[in-house]
Amino acid sequence: MREGEGLAALWVYLSADPLAALAATLLAWLAGVRVHAAARGNPIVNPVLVAVLLVVAVLLVAGIPYADYFAGAQFVHFLLGPATVALALPLYRHWSLVRGSAVSILVSLAVGSAFAVASAAALGAAFGAPLAVIASLAPKSVTTPVAMGVAEEIGGLPGLTAAIVILSGIVGASLGTLTLNLARVRDWRARGLAMGTAAHGIGTARALAVNETAGAFSGLAMGLNALATALALPLLWRLFASG
Amino acid sequence: MIGAFAILLCCQLAGEVVVRAAGLPLPGPVLGMLLLFVILLLRGGEPPAALAAVADGLLRNLGLLFIPAGVGVIVHIGLLAEAIVPVALAVSIGTLAAIAVTGRVMQALLGSRGGAGR
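From first to last, the protein sequence lines are chains S and L.
Just so it is clear: in the first sequence, position 205 is 204 by numbering that gives the first Met the number 0, and no numbers are missing.
Just so it is clear: in the second sequence, position 25 is 24 by numbering that gives the first Met the number 0, and no numbers are missing.
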């Protein structure tokens, strides 16, 4: 069975090399962008969601473990760092707007950050989640590395938190536009700040795609909420847990 | 282009080093963003064209960069399923309510002093 051997050798090569995982990730993203455009930019058809579902389907059908996929896709994942640094540019371009509304930003951020934590913890508790799951839900609106660190500190499960954070971002990015329209929030600064506070980087990706002012405020809110949650949540948690 | 990318990486690196050395509760890239922002502010004027091109290129495809982590949700599907009701409600209603509340508060505060830009 020479053919079979050849295929097996090809499979060994493809699963050991980052090439296939990278190509699949890029193709899934292009497909996600196409589908999003074909749905006339409907935010519910979020390109990240479409791409993730496509890759998941391929992995499940081909029986490829996530760790093998990530060994290749980590090169795309790595770019999240420099992309976060790059958020300095929209922030700089809109600095006069940001500086002009600094007090409003800080107050809204504090309210939004506290609300995101309290609502997640309250819903979790009300519907019978164990304490470790509640602790994993509490930091769900902040960017993944911070959320995982905070969750671990307060007795949550970092891996579960990462999944919850990503899902929250996708929900925010795909349904945030509708929510903001229903709430009649029309100011781009307020829309961006809301997305970045509640839906971190995935919400920011959506905000940037819609309006650069919203993107600048969203990126700023993401950074500020990471700081606020990392500082305040462990302290408040201990207060509640002991009281 | 390589120079611009090097700037982004160096800001991130500086951010990571400071965060670890000082034990700050922040991701290194967020501090890197602040660092680059301060540099641009001190420099003044338009950001360098090459840096703007690389930064805008990355940010136009920001969604792409979340795909590997997003696919990772399948690893935790069992844990998610165990607490599906509270998790689903917190993730959906909690997140959307937080968006509505934050947006309303910000718009009200901006409106009370007359805001620009719809």
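Note that beta-carbon positions come from the ideal geometry of N, C-alpha and C, so glycine has one too.
What are the boundary residues of the alpha helix (DSSP H) that residue i is part of?
i: S167 (chain S); result: P157 to L181
i: S140 (chain S); result: Run containing S140 (chain S): none; DSSP gives neither H nor E here.
i: L58 (chain L); result: A48 to R59
i: R190 (chain S); result: W187 to V209
i: G31 (chain L); result: G27 to R42
Round the Cβ separation of residue i and residue j to the nearest angstrom and send it over; I've been treating them as touching at under 8 Å.
i: I104 (chain S); j: V97 (chain S); result: 7 Å
i: C10 (chain L); j: L50 (chain L); result: No, C10 (chain L) and L50 (chain L) are not in contact; Cβ-Cβ is about 11 Å, not under 8 Å.
i: L122 (chain S); j: L109 (chain L); result: At roughly 29 Å, the Cβ-Cβ gap does not stay under 8 Å, so L122 (chain S) and L109 (chain L) are not in contact.
i: L232 (chain S); j: I133 (chain S); result: Their Cβ separation, rounded to whole angstroms, is 12 Å, which puts L232 (chain S) and I133 (chain S) out of contact at 8 Å.
i: P89 (chain S); j: E211 (chain S); result: 6 Å
i: A206 (chain S); j: G214 (chain S); result: 5 Å
i: P42 (chain S); j: A172 (chain S); result: 7 Å
i: V170 (chain S); j: S91 (chain L); result: 5 Å
Quick check on residue i: does DSSP put it in helix, strand or coil?
i: V18 (chain L); result: helix
i: N224 (chain S); result: helix
i: A128 (chain S); result: coil
i: M147 (chain S); result: helix
i: E45 (chain L); result: coil
i: G123 (chain S); result: helix
i: G154 (chain S); result: coil
i: V116 (chain S); result: helix
i: M105 (chain L); result: helix
i: G116 (chain L); result: Model confidence at G116 (chain L) stands at a pLDDT of 46, short of 50, so the residue's coordinates are unreliable; what they give is reported in the following sentence. It is coil, neither helix nor strand.
i: T184 (chain S); result: Reading off the sequence shown, one finds Val at residue 184 (chain S), where the question assumed Thr. Coil, per DSSP.
i: P24 (chain L); result: coil
i: R33 (chain S); result: helix
i: F65 (chain L); result: coil
Worksheet item: For the region 37 to 53 of chain S, which residues have a beta carbon sitting closer than 7 Å to at least one beta carbon of chain L?
Response: Sequence-ordered contacts of the region 37 to 53 of chain S with chain L read P46, V47, A50 and V51 [C-beta pairs closer than 7 Å].
Discussion item. At 3 residues or longer, what runs of the beta strand (DSSP E) sit wholly inside the region 69 to 99 of chain L?
Written reply: Qualifying beta strand (DSSP E) stretches: none in this window.
Discussion item. As an exercise, report each continuous alpha helix (DSSP H) stretch of at least 4 residues that is fully enclosed by the region 35 to 106 of chain S, in chain order.
Written reply: Those alpha helix (DSSP H) runs which fall completely within the region 35 to 106 of chain S and span 4+ residues are 46 to 61, 65 to 77, 79 to 85, 87 to 92 and 94 to 99.
Item to complete: Check each residue of the region 92 to 110 of chain L: if its Cβ is closer than 8 Å to any Cβ of chain S, include it; give the result in chain order.
Response: Result list: I92, G93, T94, L95, A96, A97, I98, A99, V100, T101, G102, R103, V104, M105, Q106, L108, L109 and G110.
Fill in: Residues from the region 96 to 113 of chain S in contact with chain L, defined by Cβ distance under 9 Å
The region 96 to 113 of chain S vs chain L, Cβ under 9 Å: L96, G99, S100, V102, S103, I104, V106, S107, L108, V110, G111 and S112.
Item to complete: May I ask you to list, following chain order, the residues of the region 210 to 231 of chain S that have a beta carbon less than 7 Å from some beta carbon of chain L?
Response: Listed by position along the chain: T212, G222, A225, L226, A229 and L230.
Practice prompt. Below 7 Å between beta carbons is the criterion; list the residues of the region 73 to 93 of chain L that meet it against any residue of chain S, in chain order.
Written response: Correct list: I73, V74, H75, L78, L79, A82, V84, P85, V86, L88, A89, V90, S91, I92 and G93.
Worksheet item: At a Cβ cut of 7 Å, what residues of the region 183 to 194 of chain S count as close to chain L, listed as they run along the chain?
Response: So the list reads V184, R185, D186, W187, R188, A189, R190, L192, A193 and M194, given in the order they occur along the chain.
Worksheet item: Listed in chain order, which residues of the region 48 to 63 of chain L have Cβ atoms closer than 8 Å to some Cβ of chain S?
Response: Within the region 48 to 63 of chain L, the residues whose Cβ lies closer than 8 Å to some Cβ of chain S are L50, A51, V53, A54, D55, L57, L58, R59, N60, L61, G62 and L63, listed in chain order.
Worksheet item: Using a beta-carbon distance cut-off of less than 9 Å, what residues from the region 167 to 184 of chain S approach chain L?
Response: Those residues of the region 167 to 184 of chain S that come within reach of chain L (Cβ to Cβ, closer than 9 Å) are S167, G168, I169, V170, G171, A172, L174, G175, L177, T178, L179, L181, A182, R183 and V184.
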